[in-house]
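Just below is one structure, and these are the notes that go with it.
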């Protein structure tokens, strides 16, 4: 874990990197000094966690992303450099108290090296929030059709469950073009199909109680966001097939 003494009056809190792979990718909700894209190894993203506080209710739990161990898996997302007790307390409330997530430290592999944030391109530990089967909202594996139907039918205080899924898929396409997530994109396709079959306007479902925004990326990375051989060569050989190359 990278720890530095905070220079701001926020508190005598450390500086940590937090890995986002769900709603943090399109709505962090906290202040951060740097954001870079990349991946973690040994996990895959799955919509196996129920949610009754943001994207669903107790009667109709929504479906949100968590990480499931897979020794050959990778999960793309972004890492935020966070300083100060306030931001970490916010994350603890949002992810752990309300969301049912636990924390782990997992190595993050930057997509590119960054001169601006001082990242060399080597892997470094990040704080990761992961839902486990022990939490009360755990759904676990279910047919993808069931998950898609549930997402289409669920809404919570933060907005429709469809918004959560669509904005995450859009993040992947916009910020990490070329990276693949079969589970995410297949689920998105099913949800879009079910919404269309119901003659529902999907744009209406994307209006929630929070305002999404594009992540404020590291300026050095922003200049080099095009897909290149350097981009794909960072992925372990066993996963190049996931990028369809």
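Numbering (the numbering used here), first residue to last: 56 to 300. Yeah, the Cβ is synthetic: ideal placement off N, Cα and C, and Gly gets one too. Predicted model only: the values in this text are computed from it and were never measured.
Query raised in the report: Would you report the Cα separation of residue 216 and residue 207, rounded to the nearest angstrom?
Result: Computed Cα separation, rounded: 7 Å.
Query raised in the report: Would you say residue 166 touches the ligand FMN, meaning its beta carbon is less than 7 Å from a heavy atom?
Result: Absent from the structure shown: the ligand FMN. Ligands present: none.
Report task. Return the bridge partner residues of residue 187 from the DSSP annotation. Result -> In the DSSP output, where bridge partners are listed per residue, residue 187 has none listed.
Query raised in the report: Is it the case that the Cβ atoms of residue 76 and residue 100 are separated by a distance below 8 Å?
Result: In contact: residue 76 and residue 100 (Cβ atoms closer than 8 Å).
Requested in this report: State the beta-bridge partners of residue 215 as determined by DSSP.
Outcome: When beta bridges are read from the DSSP output, residue 215 appears opposite 210.
**Report entry** DSSP bridge partner residues for residue 133 (one or two, in chain order)
**Finding:** Residue 133 is bridged to 75, 92.
Report task. Pick helix, strand or coil for residue 224, following the three-state DSSP scheme. Result -> In the three-state reduction of the DSSP assignment, residue 224 falls in the helix class.
Query raised in the report: Can you tell me the Cα-Cα spacing of residue 70 and residue 256, whole angstroms?
Result: Going by the C-alpha atoms only, they are around 42 Å apart.
Query raised in the report: At which residues does the alpha helix (DSSP H) containing residue 257 begin and terminate?
Result: Taken as a continuous stretch (DSSP letters only), the alpha helix (DSSP H) holding residue 257 covers 257–260.
**Report entry** Reference residue 243; option with closest CA among 106, 105, 118, 82
**Finding:** That would be 118, whose Cα lies nearest to the Cα of residue 243.
Requested in this report: Assess, as a yes-or-no matter, whether the region 194–211 is touched by the region 110–129 under the definition of 3 or more beta carbon pairs within less than 8 Å.
Outcome: With the rule of 3 Cβ pairs closer than 8 Å, the region 110–129 counts as touching the region 194–211.
Requested in this report: Compute the beta-carbon to beta-carbon distance between residue 121 and residue 185, rounded to the nearest angstrom, for a pair I have assumed lies under 8 Å.
Outcome: That pair is a contact at about 6 Å.
Report task. Just mark residue 89 as buried or exposed, buried being the case when its beta carbon has 16 or more other beta carbons within 10 Å. Result -> Counting C-beta atoms within 10 angstroms of its own C-beta, residue 89 has 16 or more neighbours from the protein chains shown and is therefore classed as buried.
**Report entry** residue 156 to residue 250 span [Cα, whole Å]
**Finding:** Between the alpha carbons of residue 156 and residue 250 lies a gap of roughly 29 Å.
Report task. Assign residue 277 to one of two classes, buried (16 or more other C-beta atoms within 10 Å of its C-beta) or exposed (fewer than that). Result -> At residue 277 the pLDDT is 49, less than 50, meaning the model places this residue with poor confidence and gives no usable figure here.
Query raised in the report: The beta strand (DSSP E) with residue 159 in it runs from where to where?
Result: Start and end: 156–165.
Query raised in the report: Are the beta-carbon atoms of residue 218 and residue 260 separated by less than 8 Å?
Result: Here residue 218 is near residue 260, since their CB atoms are less than 8 Å apart.
Query raised in the report: Exposed or buried, which one is residue 232 when buried takes at least 16 other CB atoms within 10 Å?
Result: Of the other Cβ atoms in all chains shown, fewer than 16 fall within 10 Å of the Cβ of residue 232; this residue is therefore exposed.
Query raised in the report: Alpha carbon to alpha carbon, what distance is there between residue 241 and residue 254?
Result: One alpha carbon belongs to residue 254, the other to residue 241, and they sit about 20 Å apart.
**Report entry** residue 106 - partner residues in DSSP beta bridges
**Finding:** Residue 106 pairs with 117.
Query raised in the report: What do you reckon, are the CB atoms on residue 183 and residue 161 nearer than 8 Å?
Result: Yes, the pair counts as a contact, with Cβ atoms nearer than the cut-off.
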